[in-house]
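**Q** Protein chains in written order, with the UniProt record's numbering: chain A, 1 to 261; chain B, 1 to 261; chain C, 1 to 261; chain D, 1 to 261.
Number of protein chains: 4
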Amino acid sequence: MSTSPIRVTVWGENVHEQRDASVKEIYPDGMHGAIAAGIAKNLGENVVVRTATLQEPEHGLTEEVLAETDVLTWWGHAAHGEVADEVVDRVQEAVLGGMGLIVLHSGHFSKIFRKLMGTTCSLDWRSENDREMVWTVAPDHPIAVGVPNPILIPAQEMYGEYFDIPQPDELVFISSFSGGEVFRSGCAYRRGRGRLFYFSPGDQEYPVYHHPDIQRVLSNAVGWAAPKGAERITPHVSRRPTGWYESGQTLPTADPRLAQS
Amino acid sequence: MSTSPIRVTVWGENVHEQRDASVKEIYPDGMHGAIAAGIAKNLGENVVVRTATLQEPEHGLTEEVLAETDVLTWWGHAAHGEVADEVVDRVQEAVLGGMGLIVLHSGHFSKIFRKLMGTTCSLDWRSENDREMVWTVAPDHPIAVGVPNPILIPAQEMYGEYFDIPQPDELVFISSFSGGEVFRSGCAYRRGRGRLFYFSPGDQEYPVYHHPDIQRVLSNAVGWAAPKGAERITPHVSRRPTGWYESGQTLPTADPRLAQS
Amino acid sequence: MSTSPIRVTVWGENVHEQRDASVKEIYPDGMHGAIAAGIAKNLGENVVVRTATLQEPEHGLTEEVLAETDVLTWWGHAAHGEVADEVVDRVQEAVLGGMGLIVLHSGHFSKIFRKLMGTTCSLDWRSENDREMVWTVAPDHPIAVGVPNPILIPAQEMYGEYFDIPQPDELVFISSFSGGEVFRSGCAYRRGRGRLFYFSPGDQEYPVYHHPDIQRVLSNAVGWAAPKGAERITPHVSRRPTGWYESGQTLPTADPRLAQS
Amino acid sequence: MSTSPIRVTVWGENVHEQRDASVKEIYPDGMHGAIAAGIAKNLGENVVVRTATLQEPEHGLTEEVLAETDVLTWWGHAAHGEVADEVVDRVQEAVLGGMGLIVLHSGHFSKIFRKLMGTTCSLDWRSENDREMVWTVAPDHPIAVGVPNPILIPAQEMYGEYFDIPQPDELVFISSFSGGEVFRSGCAYRRGRGRLFYFSPGDQEYPVYHHPDIQRVLSNAVGWAAPKGAERITPHVSRRPTGWYESGQTLPTADPRLAQS
Numbered sequence: 001m002s003t004s005p006i007r008v009t010v011w012g013e014n015v016h017e018q019r020d021a022s023v024k025e026i027y028p029d030g031m032h033g034a035i036a037a038g039i040a041k042n043l044g045e046n047v048v049v050r051t052a053t054l055q056e057p058e059h060g061l062t063e064e065v066l067a068e069t070d071v072l073t074w075w076g077h078a079a080h081g082e083v084a085d086e087v088v089d090r091v092q093e094a095v096l097g098g099m100g101l102i103v104l105h106s107g108h109f110s111k112i113f114r115k116l117m118g119t120t121c122s123l124d125w126r127s128e129n130d131r132e133m134v135w136t137v138a139p140d141h142p143i144a145v146g147v148p149n150p151i152l153i154p155a156q157e158m159y160g161e162y163f164d165i166p167q168p169d170e171l172v173f174i175s176s177f178s179g180g181e182v183f184r185s186g187c188a189y190r191r192g193r194g195r196l197f198y199f200s201p202g203d204q205e206y207p208v209y210h211h212p213d214i215q216r217v218l219s220n221a222v223g224w225a226a227p228k229g230a231e232r233i234t235p236h237v238s239r240r241p242t243g244w245y246e247s248g249q250t251l252p253t254a255d256p257r258l259a260q261s
Numbered sequence: 001m002s003t004s005p006i007r008v009t010v011w012g013e014n015v016h017e018q019r020d021a022s023v024k025e026i027y028p029d030g031m032h033g034a035i036a037a038g039i040a041k042n043l044g045e046n047v048v049v050r051t052a053t054l055q056e057p058e059h060g061l062t063e064e065v066l067a068e069t070d071v072l073t074w075w076g077h078a079a080h081g082e083v084a085d086e087v088v089d090r091v092q093e094a095v096l097g098g099m100g101l102i103v104l105h106s107g108h109f110s111k112i113f114r115k116l117m118g119t120t121c122s123l124d125w126r127s128e129n130d131r132e133m134v135w136t137v138a139p140d141h142p143i144a145v146g147v148p149n150p151i152l153i154p155a156q157e158m159y160g161e162y163f164d165i166p167q168p169d170e171l172v173f174i175s176s177f178s179g180g181e182v183f184r185s186g187c188a189y190r191r192g193r194g195r196l197f198y199f200s201p202g203d204q205e206y207p208v209y210h211h212p213d214i215q216r217v218l219s220n221a222v223g224w225a226a227p228k229g230a231e232r233i234t235p236h237v238s239r240r241p242t243g244w245y246e247s248g249q250t251l252p253t254a255d256p257r258l259a260q261s
Numbered sequence: 001m002s003t004s005p006i007r008v009t010v011w012g013e014n015v016h017e018q019r020d021a022s023v024k025e026i027y028p029d030g031m032h033g034a035i036a037a038g039i040a041k042n043l044g045e046n047v048v049v050r051t052a053t054l055q056e057p058e059h060g061l062t063e064e065v066l067a068e069t070d071v072l073t074w075w076g077h078a079a080h081g082e083v084a085d086e087v088v089d090r091v092q093e094a095v096l097g098g099m100g101l102i103v104l105h106s107g108h109f110s111k112i113f114r115k116l117m118g119t120t121c122s123l124d125w126r127s128e129n130d131r132e133m134v135w136t137v138a139p140d141h142p143i144a145v146g147v148p149n150p151i152l153i154p155a156q157e158m159y160g161e162y163f164d165i166p167q168p169d170e171l172v173f174i175s176s177f178s179g180g181e182v183f184r185s186g187c188a189y190r191r192g193r194g195r196l197f198y199f200s201p202g203d204q205e206y207p208v209y210h211h212p213d214i215q216r217v218l219s220n221a222v223g224w225a226a227p228k229g230a231e232r233i234t235p236h237v238s239r240r241p242t243g244w245y246e247s248g249q250t251l252p253t254a255d256p257r258l259a260q261s
Numbered sequence: 001m002s003t004s005p006i007r008v009t010v011w012g013e014n015v016h017e018q019r020d021a022s023v024k025e026i027y028p029d030g031m032h033g034a035i036a037a038g039i040a041k042n043l044g045e046n047v048v049v050r051t052a053t054l055q056e057p058e059h060g061l062t063e064e065v066l067a068e069t070d071v072l073t074w075w076g077h078a079a080h081g082e083v084a085d086e087v088v089d090r091v092q093e094a095v096l097g098g099m100g101l102i103v104l105h106s107g108h109f110s111k112i113f114r115k116l117m118g119t120t121c122s123l124d125w126r127s128e129n130d131r132e133m134v135w136t137v138a139p140d141h142p143i144a145v146g147v148p149n150p151i152l153i154p155a156q157e158m159y160g161e162y163f164d165i166p167q168p169d170e171l172v173f174i175s176s177f178s179g180g181e182v183f184r185s186g187c188a189y190r191r192g193r194g195r196l197f198y199f200s201p202g203d204q205e206y207p208v209y210h211h212p213d214i215q216r217v218l219s220n221a222v223g224w225a226a227p228k229g230a231e232r233i234t235p236h237v238s239r240r241p242t243g244w245y246e247s248g249q250t251l252p253t254a255d256p257r258l259a260q261s
């Protein structure tokens, strides 16, 4: 019921697009460009989209940018190790304080995803033009609204189980591949005050981010992950004195954090 | 992002209010009246609220009424057994097809709640003016937005664990009572295409539904439980022929249910 | 760490085996006979297995039999409607009190499973000799110990999503089919004091219950579902007086149920 | 059904016991000594218990020790920052490979717990001799077997919500405090192939680890967290070739990891 547009930052590693002709051909504006365009097209005036890339100072993710970001999307693959730890810490703090985060495909091995999951995030894989079907297993979920069941992707890299992640708070999509594998391809988590969605379709060698149904999922995910509360407050420790509540029903106001804890 | 108002039906058993002077004094317009007023006050033009009671034909929950209801709230206590089974089945079908349902306090023993949970829904209790504190354990949850942590209720019936319910999909609130007991007081579930929220504060002998923070929770729950998709479709069996997807990416349209499954 | 054997009752509808030559050929001792034999073979002296069928008085599930059953397995298909409601209620009460229940394949539409789930339990299907692969997505789970990932079933009926069940407490297996479908084929639930496992592989027209890996899963599931506590106690309502704990650390013993609640 | 004893390593920070007379008086053998004694007393020949402390080389948690540990318990408070990162990484890898981990009380802020959770793990607190009641909300859970509901702790440090953790896979206990606060005090998680249990009762200033019911919970948790499979295998990436399954039902054996994935 909020009326101001959701502020989205689409982060792209932007390495394959610069060095691999095959990727440049599929994504002439960069993968981040394609992702941003799909969200902007679907959400129109309900959203303000910008992009940021690895090569920018602080990877384009300064304190100021994060403070103005409601939802961050993350695609990386070839250069996970080049992402500065302090930027990762900053993103984690923003997520726990309420910023939405959408991690895409090979981002399963990004520092930020592994840090928020606490597991190896490893999986099986094969890049051999498998047909992928993305099945909805939570038809009431806002991220699944308006897409066919299944979404059909003619050719895609295979990602298969076992995918080493915590059991999702909400499992939204399961994919099958023509080689017989399955994968939990749409996984929703709540962490701190923030929301996190992992979505596996999308790869530098396949034009998946131009697929209208995939664009619809990403746009839905932006709406779902946007903060529901007004302020960004990272959870923190507070000492609560005995009988704090006894002065009537008024909560102590000396420590504003207490009322928010 | 939908613009039409949420259609809410507040169902009240309306027995205590008719026979018990103590209740009539607290709730002169009925408990359903107080619940409806709180939602209408908070959500304004974003909502259209009506009430229905046990005493009406089909308890006021005809096929037509349910078809026009986005979210149903349910309060009952003294007359669970008088609710017709066919009405209960009708409500269950509506929920599984996408209607939101909010079950309140002693509604834990209603036919509809027990049917949707599959468990006894039993609990410990004591009506001795305990102080209840309602603590938020999911601060990102839309139902918890805008309420203090904890909500303080000066006097309330005690509901305590063990509460025999399936583990909630999202545990939003936990209450403590001055006698030392705890209770999972705000429990969110997804069932079929519908959403279900159980909220325990509220009793015929205490003015809890006049409490602004409780009204806020109920109003938030209405927003959360409202259907996200356009149509109400109860899940059903479909036979899917081999190779249904091979005619390009078009899904079969002969059976419209298949595309929706 | 208990040393007495687990008492297993394998319930079979026993209709197809009596009337369909094709089924009788695959399962000359009945499907229940094959299921029981696999469990007995794998668990040896750690288990005592008996069978019961629809045609027996009270379907072989008297109060006495259930009182002596630690884990009940359930296969039905053609005659769900012939199972008496009072037997279903009895089984539900036993499960909520602590008895383990393993529901197999077409048992998804049994009265007992639908009653415990609260949803339609509908799904997509096709019986056309699909190859099924059963993938483990919870490798730490006791039910998945000792089976390959995936289990390969050369020919099977297809069961596909959307499967209308509550999100499992633990999702153990996901199946793929050669036609491209996926299915949450191993779903673990806790309900009341009991444990429930749904496992979809197994059909009257395919020799799946002779498959060693499937037998291993069923045997593992028996161990997992066996009660962990000593007594069977269905959850129930108790009134807890104010200050019950104040007589030192001793719990009130007047109501034995209170100490157990 | 394994017959070899569970190998438990009880890790203690061992700082308060050395420097604070009040703690030394309550725990003359160290807190780790008391924890180890309680487990050994309850589990007898089903367990082999050793201790390790911060002050030992590699904090007593060498590769060899971890390789011989089925379940590790962790208590720390004053010196979280002194735990070497490489030991933390080693413990994390062991957990994801199958080792059980039990994190106690102020261990909520240990490096290993925060790393496995991915959140701040912050909470509210007060050390003012609150009475704590530990309520069971999962009566079927093996960790809750044999303890009263609630466990009464006459005096304890208060830990209150909001506790910033991922929603537990299984919420076993909820505590209340005489000051009115609540806390999710018994939280079970599965991570990788390992199991993790957080249990909050226990503090250096209160004799909680001498409490028989608390010792029972810790002993139960050891049984629950012990690995179910035979080998410790950290999840990892594998490339799965197309048609790997087509050579009959035999899985490829060239890469032993594949069969284990």
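For glycine and all other residues, C-beta sits at the position ideal for the given N, C-alpha and C. Model, not experiment: these values are computed from the prediction.
Between the beta-carbon of I153 (chain C) and the beta-carbon of V134 (chain C), is there less than 8 Å?
**A** Your numbering for residue 153 (chain C) matches position 153 in the third sequence. Your numbering for residue 134 (chain C) matches position 134 in the third sequence. Yes, Cβ-Cβ distance for I153 (chain C) and V134 (chain C) is below 8 Å.
**Q** Check each residue of the segment 208–242 of chain A: if its Cβ is closer than 8 Å to any Cβ of chain C, include it; give the result in chain order.
**A** Cβ contacts with chain C: none found.
**Q** Quick one: grab the DSSP three-state call for I165 (chain A).
**A** Reading the first sequence from its first residue, position 165 is the one you call residue 165 (chain A). Looking at I165 (chain A) - three-state DSSP - the assignment turns out to be coil, as it is neither helix nor strand.
**Q** Establish whether the CB of L171 (chain B) and some CB of chain D are separated by less than 8 Å.
**A** Position 171 of the second sequence, counted from the first residue, corresponds to residue 171 (chain B). Yes, because at least one Cβ of chain D sits closer than 8 Å to the Cβ of L171 (chain B).
**Q** Which residues in chain B have a C-beta closer than 7 Å to the C-beta of A94 (chain A)? List them in chain order.
**A** Working through the first sequence from its first residue, we reach residue 94 (chain A) at position 94. The contacting residues do not exist; A94 (chain A) stays about 13 Å from chain B at best.
**Q** Looking at the structure shown, is A221 (chain D) part of a helix, part of a strand, or coil, going by DSSP?
**A** Residue mapping note: residue 221 (chain D) aligns to position 221 of the fourth sequence, counting from 1. Correct three-state label for A221 (chain D): helix.
**Q** Counting contacts by CB-CB distance shorter than 8 Å, is D140 (chain C) in contact with chain D?
**A** By one-based count along the third sequence, residue 140 (chain C) stands at place 140. By this cut-off, D140 (chain C) is an interface position.
**Q** For the segment 181–207 of chain B, list every residue whose C-beta sits within 8 Å of some C-beta in chain C, in sequence order.
**A** Cβ contacts with chain C: E181, Y189, R190, R191 and G192.
**Q** Is V145 (chain B) close to chain A, meaning its C-beta is less than 8 Å from at least one C-beta of that chain?
**A** Working through the second sequence from its first residue, we reach residue 145 (chain B) at position 145. V145 (chain B) counts as touching chain A.
**Q** Quick one: which chain D residues come within Cβ less than 8 Å of N149 (chain B)?
**A** Locating residue 149 (chain B) in the second sequence gives position 149, where the first residue counts as 1. The answer, in chain order, is E161 and Y162.
**Q** Let me check understanding here. Comparing Cα to Cα, which of D:E246, D:R7, D:T242 and D:V10 lies closest to N129 (chain A)?
**A** The residue you call residue 129 (chain A) lines up with position 129 of the first sequence. Of D:E246, D:R7, D:T242 and D:V10, the residue nearest in Cα terms is D:T242.
**Q** Please list, in chain order, the chain C residues whose beta carbon lies closer than 7 Å to that of E128 (chain B).
**A** Here residue 128 (chain B) is taken as the residue at index 128 of the second sequence, counted from 1. Result: T242.
**Q** Give me, in chain order, the residues of the same chain whose beta-carbon lies closer than 7 Å to that of N14 (chain D); leave out the 5 immediate sequence neighbours on both sides.
**A** Looking up residue 14 (chain D) in the fourth sequence gives position 14. The answer, listed in chain order, is G30, H32, T53, L54 and Q55.
**Q** Tell me whether Y209 (chain B) sits in a helix, a strand or coil according to DSSP, three-state version.
**A** Here residue 209 (chain B) refers to the residue found at position 209 when the second sequence is read from its first residue. Of the three classes helix, strand and coil, the one that applies to Y209 (chain B) here is helix, per DSSP.
**Q** Verify the contact flag: T120 (chain B), CB atom, against every heavy atom of the ligand GTP, threshold strictly below 7 Å.
**A** As far as ligands go, the structure on display features none, and thus does not contain the ligand GTP.
**Q** Between which two residues does the beta strand (DSSP E) carrying V95 (chain A) extend?
**A** Reading the first sequence from its first residue, position 95 is the one you call residue 95 (chain A). Where V95 (chain A) is concerned, there is no enclosing beta strand (DSSP E), although the alpha helix (DSSP H) it sits in stretches over D85 to G97.
**Q** Please compile the residues from chain D whose C-beta is within a distance smaller than 8 Å of the C-beta of T136 (chain B).
**A** Taking the second sequence and counting its residues from 1, the one referred to as residue 136 (chain B) is at position 136. Correct list: E161 and Y162.
**Q** Output, in chain order, the set of chain B residues within a Cβ distance shorter than 7 Å of I112 (chain D).
**A** Here residue 112 (chain D) refers to the residue found at position 112 when the fourth sequence is read from its first residue. The premise fails here: I112 (chain D) is roughly 23 Å from chain B at the closest Cβ pair, so nothing lies under 7 Å.
**Q** Once DSSP output is grouped into helix, strand and coil, what is the label at T119 (chain B)?
**A** Position 119 of the second sequence holds residue 119 (chain B). Reduced to three states, the DSSP call for T119 (chain B) is coil.
**Q** Can you tell me whether DSSP reads Q215 (chain B) as helix, strand or coil?
**A** Counting from 1 along the second sequence, the entry for residue 215 (chain B) is found at position 215. Note: Q215 (chain B) maps to helix in three-state DSSP.
**Q** List, in chain order, every chain C residue whose beta-carbon is nearer than 9 Å to that of G179 (chain B).
**A** Your numbering for residue 179 (chain B) matches position 179 in the second sequence. The answer, in chain order, is R240, P241, T242, G243, W244 and Y245.
**Q** Does Q156 (chain A) come within less than 8 Å of chain C when only Cβ atoms are used?
**A** Counting from 1 along the first sequence, the entry for residue 156 (chain A) is found at position 156. No, because no Cβ of chain C sits closer than 8 Å to the Cβ of Q156 (chain A).
**Q** Name the two residues that bound the continuous beta strand (DSSP E) containing A188 (chain C).
**A** Taking the third sequence and counting its residues from 1, one reaches residue 188 (chain C) at position 188. Its beta strand (DSSP E) spans residues V182 to R191.
**Q** Which stretch, first to last residue, makes up the alpha helix (DSSP H) that contains I26 (chain D)?
**A** Here residue 26 (chain D) refers to the residue found at position 26 when the fourth sequence is read from its first residue. Counting along the chain, the alpha helix (DSSP H) containing I26 (chain D) begins and ends at A21 to I26.
**Q** Any Cβ of chain D within less than 8 Å of the Cβ of A259 (chain C)?
**A** Your numbering for residue 259 (chain C) matches position 259 in the third sequence. Residue placement at A259 (chain C) is poorly supported in this model, since its pLDDT is 37, which falls under 50; the coordinates are not used for a value here.
**Q** Compare the C-beta of D89 (chain B) with all C-beta atoms of chain C and state if any pair is closer than 8 Å.
**A** The residue labelled residue 89 (chain B) in the question sits at position 89 within the second sequence. For D89 (chain B), the answer is no, since every Cβ of chain C falls outside 8 Å of its Cβ.
**Q** Tell me, please, which residues DSSP counts as bridged to M158 (chain C).
**A** Indexing the third sequence from 1 puts residue 158 (chain C) at position 158. Answer is C:R126.
**Q** What does residue 264 (chain B) touch in chain A if you count any residue whose Cβ is under 8 Å from its own?
**A** Residue 264 (chain B) is absent from the structure shown; chain B starts at 1 and stops at 261.
**Q** Where does the unbroken alpha helix (DSSP H) through L43 (chain B) begin, and where does it stop?
**A** One-based indexing of the second sequence puts residue 43 (chain B) at position 43. Run containing L43 (chain B): G30 to L43, per the alpha helix (DSSP H) assignment.
**Q** To the nearest angstrom, how far is the alpha carbon of residue 282 (chain C) from that of G186 (chain A)?
**A** An answer regarding residue 282 (chain C) cannot be provided, because it is not within the stretch 1 to 261 covered by chain C.
**Q** Using a Cβ-Cβ cutoff of less than 6 Å, which residues in the same chain neighbour A155 (chain D) once the five nearest sequence positions on both sides are dropped?
**A** By one-based count along the fourth sequence, residue 155 (chain D) stands at place 155. The residues are N129 and Y206.
**Q** Can you check whether the C-beta of D85 (chain C) is within less than 8 Å of a C-beta belonging to chain B?
**A** Position 85 of the third sequence holds residue 85 (chain C). D85 (chain C) does not count as touching chain B.
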